[in-house]
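To keep things clear, I will list the structure first and then write my remarks on it.
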Amino acid sequence: MTPLLGIFDSGLGGFTVLKRVQERHGNIPCLYLADTARVPYGEKKPYEIRAIANEVVNWLKEQEVSIVLVACNTTNSLALDVVKNVSEVNVVELINSAASMIVESRVGVLATPATASSKVYTDEIEAYRPGTFVLEQGCPALVPLIEAGHTNSNQIRLAASEYLKPLIEARVQAVVLGCSHYPLIKSLLRELLPSNVRLVDPAVGLALQLDKFLGAPAISFNPPLPFTNTRICVTSEPKAFFRTAETLLGNCPEVEIVSLRSKACLF
Ligand code: DGL
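Residue numbers (the working numbering): 4 to 270.
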């Protein structure tokens, strides 16, 4: 039976993961859930993030996905155990994948405030490369701006420069894009960072980890395929999501609104 990949994020960010997966594994059937009713996740309390993860993964389970891809670092850092317990299928995650890609001894991580305070990136990188210096920087302004379609405005440029300052001062050699929204502003970050600093996209590692379950692809799918064979679901405002996705990604299939069980009684 062809596997159905269940991919979730709070919003548009998971598309950057979907793109990497399709680049490596081709036009594989995917179900993408963007929890737009509750974006951003990154400023919520850990207990809220865990409750949301429980609900989202239960919904994915009802849709009978065969592998769960955690395309949200915030959920990954605070609720990976919830995702694994609830899903009952194989789970592929971003943070562990990113840690396995680190070769530098001084590393910066840009992430949501929730991910940065959890220090899960620091722990995972330490486990792969003991003694690595890791500086995690929370970036509260970035996700709301990206969701509003900013990728190169003065506002986002200013915010990004402020967040990068401590990392540049700490002379990091690599910066991990520790939120799946950030690859959407990769060119801006590239421009603001010294040219010798490597940008690490955890989704590249995640797509490789998927080889364990899908097999290593015999051919490379380049340029990236459009998102055909992908069902896109959101929890609010499908039209706005479609418009921003088309602008940022140049392509978006039809967007469907879904209701996750018991959403109303949570917050
Ligand atoms: N894109 C998600 C992440 O990687 C969530 C961002 C948010 O909703 O704050 O953390």
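Every residue gets a Cβ at the ideal spot worked out from N, C-alpha and C, and that includes glycine.
Roughly how far, in whole angstroms, is the beta-carbon of isoleucine 70 from the beta-carbon of leucine 8, given that I think they are within contact range, below 8 Å?
As a first step, residue 70 is located in the sequence shown; it is residue number 67 there, counting from the start. As a first step, residue 8 is located in the sequence shown; it is residue number 5 there, counting from the start. At roughly 5 Å, the Cβ-Cβ gap stays under 8 Å, so isoleucine 70 and leucine 8 are in contact.
With a threshold of 6 Å on Cβ separation, who are the neighbours of proline 116 within its own chain once the five nearest residues in sequence on each side are excluded?
Numbered from 1 along the sequence shown, position 113 holds the residue referred to as residue 116. These residues qualify, in order along the chain: Gly45, Glu46, Gly141, Pro143.
Which same chain residues, not among the five before or five after glycine 17, have their C-beta less than 7 Å away from its C-beta?
Position 14 of the sequence shown, counted from the start, is the residue given in the question as residue 17. Ile10, Phe11, Tyr35, Ala37, Ala74, Cys75, Ser183.
Using three-state DSSP, classify tyrosine 124 as helix, strand or coil.
Working through the sequence shown from its first residue, we reach residue 124 at position 121. Tyrosine 124 falls in the helix class under three-state DSSP.
Classify threonine 39 as buried or exposed, calling it buried when 16 or more other Cβ atoms lie within 10 Å of its own Cβ.
What you label residue 39 is simply residue 36 of the sequence shown in a count that begins at 1. Buried: at least 16 other Cβ atoms inside 10 Å.
Along the alpha helix (DSSP H) that carries phenylalanine 244, what are the first and last residues, could you check?
Here the question's residue 244 lines up with position 241 in the sequence shown. Looking at the DSSP string, the run of the alpha helix (DSSP H) that includes phenylalanine 244 is 241-252.
Mind reading off the beta-carbon distance from leucine 113 to tyrosine 50? Whole number of angstroms is fine, and I expect it under 8 Å.
On the sequence shown, residue 113 is found 110 positions in, with the first residue counted as 1. On the sequence shown, residue 50 is found 47 positions in, with the first residue counted as 1. Actually they do not touch by this definition, with Cβ atoms about 24 Å apart.
Using 10 angstroms around the beta-carbon of asparagine 88, count the other beta-carbons present and answer buried if the total reaches 16, otherwise exposed.
Along the sequence shown, read from residue 1 onward, the residue named residue 88 stands at position 85. Exposed, by the Cβ-count rule.
Could you tell me whether the stretch 89-100 touches the stretch 55-69, where touching means 3 or more Cβ pairs closer than 8 Å?
yes
Tell me the start and end of each unbroken alpha helix (DSSP H) in the stretch 205-230 that is at least 4 residues and wholly inside, in chain order.
205-212, 214-217
Alpha carbon to alpha carbon, how far is aspartate 214 from threonine 135?
As a first step, residue 214 must be located in the sequence shown, where it is residue number 211. As a first step, residue 135 must be located in the sequence shown, where it is residue number 132. Their backbone Cα atoms lie some 27 Å apart in a straight line.
Cα-Cα separation, alanine 163 to tyrosine 124
Translated into the one-based positions of the sequence shown, residue 163 becomes position 160. Translated into the one-based positions of the sequence shown, residue 124 becomes position 121. Their backbone Cα atoms lie some 20 Å apart in a straight line.
Shortest alpha-carbon distance to isoleucine 171 belongs to which of Val237, Pro43, Thr238, Ser198?
Within the sequence shown, residue 171 is the residue found at index 168, counting from 1. Nearest C-alpha to isoleucine 171: Ser198.
Using only CA atoms, which one of Ala177, Leu145, Ala219, Val68 lies nearest to cysteine 33?
Here residue 33 corresponds to residue number 30 of the sequence shown, with the count starting at 1. Comparing Cα positions, the closest option is Val68.
When the distance is taken between beta carbons, is proline 256 closer than 8 Å to phenylalanine 230?
In the sequence shown, counting from the first residue as 1, residue 230 sits at position 227. In the sequence shown, counting from the first residue as 1, residue 256 sits at position 253. Cβ distance < 8 Å, so phenylalanine 230 and proline 256 count as in contact.
Please classify glutamine 140: does DSSP put it in a helix, a strand, or coil?
For the purposes of this step, residue 140 is identified with residue 137 of the sequence shown, where counting begins at 1. The answer is strand: DSSP assigns glutamine 140 an E or B state.
Counting only the same chain and skipping the five closest in sequence on each side, list residues whose C-beta sits under 6 Å from that of phenylalanine 224.
Within the sequence shown, residue 224 is the residue found at index 221, counting from 1. If we look at phenylalanine 224 and ignore the five residues flanking it on each side, its Cβ neighbours are Glu26, Gly29.
Integer Cβ distance of valine 175 from glycine 111, believed to fall under 8 Å
Against the sequence shown, residue 175 aligns to sequence position 172. Against the sequence shown, residue 111 aligns to sequence position 108. Yes, they are in contact, since the Cβ atoms of valine 175 and glycine 111 sit about 4 Å apart, within 8 Å.
Among Ser262, Arg201, Leu195, Ile222, whose alpha-carbon lies nearest the alpha-carbon of asparagine 157?
Along the sequence shown, read from residue 1 onward, the residue named residue 157 stands at position 154. The residue with the shortest Cα to Cα distance from asparagine 157 is Leu195.
Can you tell me whether valine 146 sits near the ligand DGL, meaning its C-beta is under 7 Å from at least one heavy atom of the ligand?
To locate residue 146, count along the sequence shown from 1; it is residue 143. Correct: valine 146 has its Cβ closer than 7 Å to the ligand DGL.
Any idea what DSSP makes of isoleucine 70, helix, strand or coil?
Here residue 70 is taken as the residue at index 67 of the sequence shown, counted from 1. Strand, per DSSP.
At a cut-off of 7 Å, is threonine 154 close to the ligand DGL when judged by its beta-carbon and the heavy atoms of the ligand?
The residue you call residue 154 lines up with position 151 of the sequence shown. Flag unset: Cβ of threonine 154 not near the ligand DGL.
With 16 other CB atoms within 10 Å as the buried threshold, where does proline 43 fall?
One-based indexing of the sequence shown puts residue 43 at position 40. Answer is buried; the Cβ neighbour count reaches 16.
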